[in-house]
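Undergrad:
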Amino acid sequence: MPSQISLTVDGSPVLIPSGATVAVAITLAGQACRKSVTGEPRGPLCGMGICFECRVTINGTPHRRACQVFGEPGMDVRTEE
Amino acid sequence: MAAAVRAAECGVGVGIVDDNATLGGQIWRGELAETKDATTWRKTLQATGVTMLCGSRVFDQPRAGVLLAECEDDLRVLRYRNLILATGARERFLPFPGWTLPNVMGAGGFQAMVKSGLPVHGKHVVVAGTGPLLLAVAAYLRKKGAEIPIICEQASLRSLTRFTTALLGHPQKIVQALRLKKEIGGVPFATSSWPLSAHGQKFLESITISRHGRPQTVACDYLACGFHLVPNIELPVLLGCQIRGGYVQVDDLQRTTVEGIFCAGEPTSISGVESSLVEGQIAGFAAGGRPEEARKLFAAREKGRRLASLLDETFRLRPELRNLSSPETLVCRCEDVAHSHLQKHVSWRAAKLQTRCGMGPCQGRICGPATQFLFRWNPESVRPPIFPARVENLAALAGQQDPQSTAILGGS
């Protein structure tokens, strides 16, 4: 198992430790996850899958909670930015 | 996990359904899944051949004995004879100006991120809120190389002193406390202290805290802030279990008021991981038909219960925390509902109908406990789906075919 994984956040490559979540990748990329109803940038809050602030599109599937998904090589993560 | 192991030992067929990607809840996450306790339980569990369904969240019960769970690509229909609910707890969040800035997270929430691989070496993290979790989080972050400018505990020094004296009845906790003290030695720890506001352009850059009654601004990369824990009782409520004082009512054998449904751990009282393990085992033995084995664990459980009331009392929220919001401060993050729009409503239900507060994806899990404290509302009944679910899965429930579509739906 490689010790680092490369995936892309909004088209840019990000390296995360193996076993890390997509939320970690987005934070390392310096991105927010989504825009709120009034346009505020939002990122993970609860870290355990219940607040839904971290929802992003992963490999084409929208509304995935980034904090609950392990990063995989080549994953395409799109935030709302 | 403990419940599953003991139930399996009784010879019954057992399945575990967990929303998280791996078992172990919030405590046994990341490298903490490798501690001696966690590893022992996990290995024992794996040896039992229990069916494990991770990444699956239960969203409805169409009829008695049947649960519907959604996972990434699939709908699972789960039939059971006995059900043990171990839905855990979540952090309580209180709003204050700037709390919606990215990099403001829960205390346990931030720890979960770090356990899930977020590097924090050299980063400045302020830890704030209330509860023993703050110290555990601070100690953990320090081990990972974070700088902690300050820990802000809203409880008073007097409350905490009473707490530490009362811990004399719980020697294991004293050992834990002393270890924690060593691990966070040198980190400023302020009592009667809480966040006033968070600042930053797009991400958090600094926070202002109240300390000795005066504001103090601290630069930081992250704020790990949570106000103790609230039980996850949504599924028990949906299933008709009686709730008492905000917790699921259970008898000696962890039986709820619904035939065939048991509940163990934090939903019955917030007492920590050791208690949860004991209660889980009691429920497992009871559901597996060996109540005499369950009874052997009653004494251990009693200790945990006493700790729970001590925690509740020590970390009770002080009234000043009701006044942190400005009129524009958002209270419901899912629907962006501001404090001034909520203040005038007399109940949770009225506010929900008029403002959509509580109707978003989190279904009031974040704003519910906050408004309960701020406005003394009582969030009422729970309606399915208790988690956002795909339209196609809800249609399957109705027994109809629907075009494939993905949506987030809230209940009402």
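Protein chains in written order, with my numbering: chain A, 1 to 81; chain B, 1001 to 1412. We put the CB at the ideal spot given by N, CA and C, even for glycine.
Does B/T1355 pass the burial test, meaning 16 or more other C-beta atoms within 10 Å, or should it be called exposed?
TA: Residue numbering aside, residue 1355 of chain B sits at position 355 when the second sequence is read from its first letter. So B/T1355 counts as buried.
Undergrad: At the 7 Å Cβ level, is A/A29 part of the contact set with chain B, yes or no?
TA: Taking the first residue of the first sequence as 1, we reach residue 29 of chain A at position 29. Chain B, which has no Cβ nearer than 7 Å to the Cβ of A/A29, makes this no.
Undergrad: Does the structure place the stretch 1108-1127 of chain B close enough to the stretch 1160-1174 of chain B that three or more beta carbon pairs sit under 8 Å?
TA: no
Undergrad: Candidates B/Q1172, B/T1044 and B/R1076: which alpha carbon is nearest B/N1393's?
TA: If you number the second sequence from 1, residue 1393 of chain B lands on position 393. Measuring from the Cα of B/N1393, the nearest candidate turns out to be B/R1076.
Undergrad: For B/G1226, which of helix, strand or coil comes out of DSSP?
TA: In the second sequence, counting from the first residue as 1, residue 1226 of chain B sits at position 226. In the three-state scheme derived from DSSP, where H, G and I count as helix and E and B as strand, B/G1226 is classed as strand.
Undergrad: Could you run through the stretch 1368-1387 of chain B and flag, in chain order, every residue whose CB is less than 7 Å away from some CB of chain A?
TA: The stretch 1368-1387 of chain B vs chain A, Cβ under 7 Å: nothing.
Undergrad: If the criterion is Cβ atoms closer than 7 Å, does the pair A/V37 and A/I58 meet it?
TA: As a first step, residue 37 of chain A must be located in the first sequence, where it is residue number 37. As a first step, residue 58 of chain A must be located in the first sequence, where it is residue number 58. Taking 7 Å as the Cβ cut-off, A/V37 and A/I58 do not qualify as a contacting pair.
Undergrad: Give me the Cβ distance between B/F1093 and B/G1226, rounded to the nearest whole Å; I'm assuming they're in contact under 8 Å.
TA: In the second sequence, residue 1093 of chain B corresponds to position 93, counting from 1. In the second sequence, residue 1226 of chain B corresponds to position 226, counting from 1. Between B/G1226 and B/F1093 the Cβ distance is about 7 Å, and since that is below 8 Å, they are a contact.
Undergrad: In angstroms with no decimal places, state the Cα-to-Cα distance between B/V1230 and B/G1131.
TA: If you number the second sequence from 1, residue 1230 of chain B lands on position 230. If you number the second sequence from 1, residue 1131 of chain B lands on position 131. Looking at the two C-alpha atoms, the distance is approximately 12 Å.
Undergrad: Taking Cβ-Cβ distances shorter than 8 Å, what residues in chain A pair up with B/F1059?
TA: The residue given as residue 1059 of chain B occupies position 59 in the second sequence. Those do not exist, as B/F1059 stays about 13 Å from chain A at its closest Cβ, beyond 8 Å.
Undergrad: Any idea what DSSP makes of B/S1309, helix, strand or coil?
TA: By 1-based counting over the second sequence, the position of residue 1309 of chain B is 309. Three-state DSSP puts B/S1309 in a helix.
Undergrad: Can you give me the start and stop residues for the alpha helix (DSSP H) that B/I1366 sits inside?
TA: Against the second sequence, residue 1366 of chain B aligns to sequence position 366. Segment: none, B/I1366 is in no alpha helix (DSSP H) and carries neither H nor E.
Undergrad: Starting from A/T21, find everything on chain B with Cβ-Cβ shorter than 7 Å and list it in chain order.
TA: Position 21 of the first sequence holds residue 21 of chain A. By Cβ distance, chain B contributes S1116 and G1117.
Undergrad: To test your reading of the DSSP string, which unbroken beta strand (DSSP E) runs of 3 or more residues are found completely within the stretch 1189-1219 of chain B?
TA: 1194-1199, 1206-1211 and 1214-1219
Undergrad: For A/T8, which residues in chain B fall below 7 Å Cβ to Cβ?
TA: On the first sequence, residue 8 of chain A is found 8 positions in, with the first residue counted as 1. The premise fails here: A/T8 is roughly 17 Å from chain B at the closest Cβ pair, so nothing lies under 7 Å.
Undergrad: Tell me the DSSP bridge mates of A/R64?
TA: In the first sequence, counting from the first residue as 1, residue 64 of chain A sits at position 64. Answer is A/V56.
Undergrad: Please state whether the Cβ-Cβ distance between B/A1107 and B/L1134 is less than 7 Å.
TA: Translated into positions along the second sequence, residue 1107 of chain B becomes position 107. Translated into positions along the second sequence, residue 1134 of chain B becomes position 134. Yes, Cβ-Cβ distance for B/A1107 and B/L1134 is below 7 Å.
Undergrad: If you check the beta carbons only, do B/L1045 and B/A1004 fall under 7 Å apart?
TA: Taking the first residue of the second sequence as position 1, residue 1045 of chain B is located at position 45. Taking the first residue of the second sequence as position 1, residue 1004 of chain B is located at position 4. Yes, these two residues count as a Cβ contact at 7 Å.
Undergrad: Between which two residues does the alpha helix (DSSP H) carrying B/A1155 extend?
TA: As a working note, residue 1155 of chain B is residue 155 in the second sequence. It is not in any alpha helix (DSSP H) - B/A1155 carries neither H nor E in the DSSP assignment.
Undergrad: Per the contact definition of three or more C-beta pairs closer than 8 Å, is the stretch 1207-1224 of chain B in contact with the stretch 1141-1150 of chain B?
TA: yes
Undergrad: What residues are listed by DSSP as bridge partners for B/K1043?
TA: Numbered from its first residue, the second sequence carries residue 1043 of chain B at position 43. Beta-bridge pairing links B/K1043 to no other residue.
Undergrad: From B/V1017 to B/L1067, what does the alpha carbon distance come to, in whole angstroms?
TA: Taking the first residue of the second sequence as position 1, residue 1017 of chain B is located at position 17. Taking the first residue of the second sequence as position 1, residue 1067 of chain B is located at position 67. Note on geometry: alpha-carbon atoms of B/V1017 and B/L1067 lie some 10 Å from one another.
Undergrad: On the CB-based measure, 16 or more other CB atoms within 10 Å of its CB, does B/I1174 come out buried or exposed?
TA: Stepping through the second sequence from its first residue, residue 1174 of chain B is reached at position 174. So B/I1174 counts as exposed.
Undergrad: So B/I1174 is in the alpha helix (DSSP H); what residue range does that whole segment cover?
TA: Here residue 1174 of chain B refers to the residue found at position 174 of the second sequence. Looking at the DSSP string, the run of the alpha helix (DSSP H) that includes B/I1174 is P1171 to E1183.
Undergrad: The beta strand (DSSP E) spanning B/P1062 covers which residue range?
TA: By one-based count along the second sequence, residue 1062 of chain B stands at place 62. Counting along the chain, the beta strand (DSSP E) containing B/P1062 begins and ends at R1057 to R1063.
Undergrad: Below 8 Å on the Cβ atoms is my contact criterion, and I expect B/P1215 with B/F1096 to pass it. Report the Cβ-Cβ distance as a whole number of Å.
TA: Position 215 of the second sequence, counted from the start, is the residue given in the question as residue 1215 of chain B. Position 96 of the second sequence, counted from the start, is the residue given in the question as residue 1096 of chain B. Going by Cβ atoms, the distance from B/P1215 to B/F1096 rounds to 12 Å, so no, they are not a contact pair.
Undergrad: Would B/M1105 pass as an interface residue toward chain A - the criterion being a Cβ-Cβ separation below 7 Å?
TA: Working through the second sequence from its first residue, we reach residue 1105 of chain B at position 105. B/M1105 counts as touching chain A.
Undergrad: Tell me whether the beta-carbon of B/I1482 lies closer than 7 Å to the beta-carbon of B/A1283.
TA: The shown model of chain B, from 1001 to 1412, leaves out residue 1482 of chain B, and the question about it has no answer.
Undergrad: Report yes or no: do three or more beta-carbon pairs, one from the stretch 3-13 of chain A and one from the stretch 63-77 of chain A, lie closer than 8 Å?
TA: yes
Undergrad: B/E1091: buried (16+ other C-beta within 10 angstroms of its C-beta) or exposed?
TA: As a working mapping, residue 1091 of chain B is identified with position 91 in the second sequence. B/E1091 comes out buried.
Undergrad: Classify B/H1121 as helix, strand or coil using the three-state DSSP reduction.
TA: Residue numbering aside, residue 1121 of chain B sits at position 121 when the second sequence is read from its first letter. Coil.
Undergrad: Do B/C1152 and B/S1193 have their beta-carbon atoms positioned less than 7 Å apart in this structure?
TA: The residue labelled residue 1193 of chain B in the question sits at position 193 within the second sequence. The residue labelled residue 1152 of chain B in the question sits at position 152 within the second sequence. Yes. Within cutoff.
Undergrad: Just mark B/A1407 as buried or exposed, buried being the case when its beta carbon has 16 or more other beta carbons within 10 Å.
TA: As a working note, residue 1407 of chain B is residue 407 in the second sequence. In this prediction, B/A1407 has a pLDDT of 37, which is less than 50 and means its spatial position is unreliable; what the coordinates show is noted afterwards. Answer is exposed; the Cβ neighbour count stays below 16.
Undergrad: Determine, using beta carbons only, whether B/Q1026 comes closer than 7 Å to chain E.
TA: Among the protein chains of the structure shown, namely A and B, there is no chain E.
Undergrad: Drop a sphere of 10 angstroms on the beta-carbon of B/S1325, count the other beta-carbons inside from all chains shown, and report buried for 16 or more, exposed for fewer.
TA: Residue mapping note: residue 1325 of chain B aligns to position 325 of the second sequence, counting from 1. Of the other Cβ atoms in all chains shown, 16 or more fall within 10 Å of the Cβ of B/S1325; this residue is therefore buried.
Undergrad: If we cut at 7 Å on Cβ distances, does B/A1112 have a partner in chain A?
TA: Position 112 of the second sequence, counted from the first residue, corresponds to residue 1112 of chain B. Closer than 7 Å to some Cβ of chain A, the Cβ of B/A1112 qualifies, so yes.
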